[in-house]
Amino acid sequence: MKFKCAELKEYEIVGRPLAKNDEKMPVYKMTIFAPDEIVAKSRFWYFLRQLKKVRKVNGEILRQTEMSNTSPTKIKNFGIWVRYDSRSGSHNMYREYRDVSRTGAVTQCYRDMAARHRARPHSIQIMKIETVKAADTKRP
Amino acid sequence: AISLARIGSSGINAEYGEVGRLCYIRLGDNAGKTCVIVDLVDQKRLLVDGPHCGLARQVIRLKNLAITDLKVKIARGCKTNVVRAAVTKEDIANKFLQTSLSKKAESKKAKAALGDFDRFKLRVAKTAHNRKIRSAVRKLKKSS
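So the sequences go chain by chain: A and B. First residue of the first sequence? That's 2 in the working numbering, and the numbers climb one at a time after it. First residue of the second sequence? That's 3 in the working numbering, and the numbers climb one at a time after it.
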């Protein structure tokens with residue numbers, strides 16, 4: 002569950018399952034949008050658990066860095082691929098937002114999903130976010 | 003350039019927000035400064051730059067701005083140097099000081115900075131002024 006007052010932050014979190022006896026363990030990296038570090042870590046484990054057989058107890062976070070905004074004075078169009086749970090099932094969506102930063106666009110997305118689809122933050126997963134050129138946007 | 007209609011906060015001014023227009027910032031940390039519109043983010047937000055005021059390039063909400071009828075010729079999304087050059091070339095800062103918006107803002111600031119004695123002086127001056135007007139009106143009424 003996320004409680005958002007201001008803009009989200011983008012974190013790059015790298016973690017891996019704990020290595021016993023010098024085994025080489027795979028290392029996983031995720032980009033998480035969260036209001037703060039703690040929630041970011043929590044979401045990291047939440048997603049990793051769903052995708053791989055790792056739990057927080059059996060794993061460690063190797064690195065967590067907050068990603069700063071590239072070019073905060075340049076307006077960009079962002080395409081965001083979202084997966085969310087509605088009252089009657091899970092759906093994929095592609096949404097576009099015009100903003101100055103990735104975090105701004107994702108924050109807009111969460112607000113927008115809540116407004117248009119009554120989707121709460123815990124049921125939204127940001128699958129991918131990409132900058133889209135103005136000519137390639139679906140909504141002009 | 004894309005234009006957008008202004009859901010006016012000043013009401014009288016039905017100016018459009020477009021690239022190059024000078025705006026006066028009414029609310030927020032940067033209140034009182036002027037800036038030039040460089041680009042639009044969406045219906046409610048503008049990318050704005052004010053190198054002549056020491057205002058960094060940033061996104062501002064339309065409702066924090068008052069759009070003036072002064073305009074600078076710049077391309078959409080141009081760099082800060084270009085904005086600075088255009089502003090100094092057209093001497094926008096001084097032109098803005100001539101507008102009524104700027105003068106009203108100045109007088110508001112001056113009024114807020116009045117001390118108690120100044121307010122007393124203002125009140126005395128005002129009553130004297132009004133008394134003169136009222137006596138003149140009364141004279142005109144009597145004579146008619």
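Heads up, the beta-carbon is just placed ideally off N, CA and C, and yes, glycines get one too. All of these numbers come straight from a predicted model, not from anything done at the bench.
When we look at the beta-carbon of residue 79/A and count the other beta-carbons within 10 Å, is it buried (16 or more) or exposed? With 16 or more Cβ atoms within 10 Å of its Cβ, residue 79/A is classed as buried.
Counting only beta-carbon separations shorter than 8 Å, does residue 76/A have a partner in chain B? Any Cβ of chain B closer than 8 Å to the Cβ of residue 76/A would place that residue at the interface, and such an atom is present.
Given this structure, state the Cα-to-Cα distance separating residue 58/A from residue 31/B, to the nearest angstrom. C-alpha of residue 58/A to C-alpha of residue 31/B: approximately 46 Å in a straight line.
For the stretch 85 to 103 of chain A, which residues have a beta carbon sitting closer than 7 Å to at least one beta carbon of chain B? So the list reads 99, 100, 101, given in the order they occur along the chain.
Output the boundary residues of the beta strand (DSSP E) element that contains residue 126/A. Run containing residue 126/A: 125 to 133, per the beta strand (DSSP E) assignment.
Grab the span of the beta strand (DSSP E) containing residue 38/B for me, first residue to last. For residue 38/B, the uninterrupted beta strand (DSSP E) segment begins and ends at 36 to 42.
Chain-ordered neighbours of residue 49/B on chain A, where CB pairs are closer than 9 Å: 74, 75, 76, 101, listed in chain order.
I'd like the list of long-range same chain contacts for residue 33/B, defined as Cβ closer than 6 Å, with 5 residues on each side in sequence excluded. Excluding residues within five positions, the ones whose Cβ falls inside 6 Å are 27.
I'd like to know whether the C-beta atoms of residue 67/A and residue 16/A end up nearer to each other than 8 Å. No, they are not a contact pair.
Please specify which runs of the alpha helix (DSSP H), each continuous and at least 4 residues long, are wholly inside the stretch 11 to 66 of chain A, giving them in chain order. Here the runs fully enclosed are 38 to 52.
If distances are taken between C-alpha atoms only, which option among 74/B, 119/B, 59/B, 65/B comes closest to residue 90/B? Per the Cα distances, 74/B.
For a test of the three-state rule: what should DSSP assign to residue 22/B, helix, strand or coil? DSSP places residue 22/B in coil when its eight states are reduced to three.
Output the distance between the C-alpha atoms of residue 7/A and residue 53/B, rounded to the nearest integer angstrom. Cα atoms of residue 7/A and residue 53/B: separation of roughly 27 Å, rounded to the nearest angstrom.
Using the rule of at least 16 other Cβ atoms within 10 Å of the residue's Cβ for burial, across every protein chain shown, is residue 27/A buried or exposed? Exposed.
Got a sec? Which residues, its chain only, sit under 7 Å from residue 20/A by beta carbon, not counting five neighbours each side? Excluding residues within five positions, the ones whose Cβ falls inside 7 Å are 26.
So, residue 110/A versus residue 81/A, is the Cβ gap smaller than 8 Å? Contact flag set, yes.
Taking the beta strand (DSSP E) that residue 70/B falls in, what are its first and last residues? Start and end: 67 to 73.
Alpha-carbon spacing of residue 5/A relative to residue 24/B, whole angstroms: Those two C-alpha atoms are separated by around 34 Å.
Buried or exposed (CB count within 10 angstroms, at least 16 for buried), residue 11/A: Its Cβ being crowded by 16 or more others within 10 Å, residue 11/A is buried.
Indicate the three-state DSSP secondary structure (helix, strand or coil) for residue 88/A in the structure shown. Residue state, collapsed to three classes: coil.
If I follow the unbroken alpha helix (DSSP H) through residue 118/B, where does it start and stop? Counted as a single uninterrupted DSSP element, the alpha helix (DSSP H) harbouring residue 118/B occupies residues 118 to 145.
List, in chain order, every chain A residue whose beta-carbon is nearer than 9 Å to that of residue 165/B. Beyond the ends of chain B as shown, which are 3 and 146, falls residue 165/B; an answer cannot be given.
Name the two residues that bound the continuous beta strand (DSSP E) containing residue 62/B. 57 to 63 is the span of the beta strand (DSSP E), which, as asked, contains residue 62/B.
At what residues does the beta strand (DSSP E) containing residue 52/B begin and finish? Start and end: 47 to 52.
Are there 16 or more other CB atoms within 10 angstroms of the CB of residue 102/A, so buried, or fewer, so exposed? Buried, by the Cβ-count rule.
Using C-beta distances below 7 Å, list every residue in its chain close to residue 35/B, excluding the 5 sequence neighbours before and after it, in chain order. For residue 35/B, where only same-chain residues beyond five positions count, the Cβ hits under 7 Å are 27, 52, 55, 57.
Listed in chain order, which residues of the stretch 33 to 46 of chain B have Cβ atoms closer than 7 Å to some Cβ of chain A? Result list: 41, 43, 44.
May I ask you to report which of helix, strand or coil DSSP gives residue 1/A? For residue 1/A there is no data in the structure shown, the boundaries of chain A being 2 and 141.
I'd like to know if the stretch 97 to 105 of chain B and the stretch 122 to 139 of chain B are in contact, where contact means that at least 3 CB-CB pairs between them fall below 8 Å. These segments do not touch.
From this set, 48/A, 93/A, 105/A, 50/A, which residue's C-alpha is nearest residue 43/B's C-alpha? Closest in C-alpha terms to residue 43/B, from the list 48/A, 93/A, 105/A, 50/A, comes 105/A.
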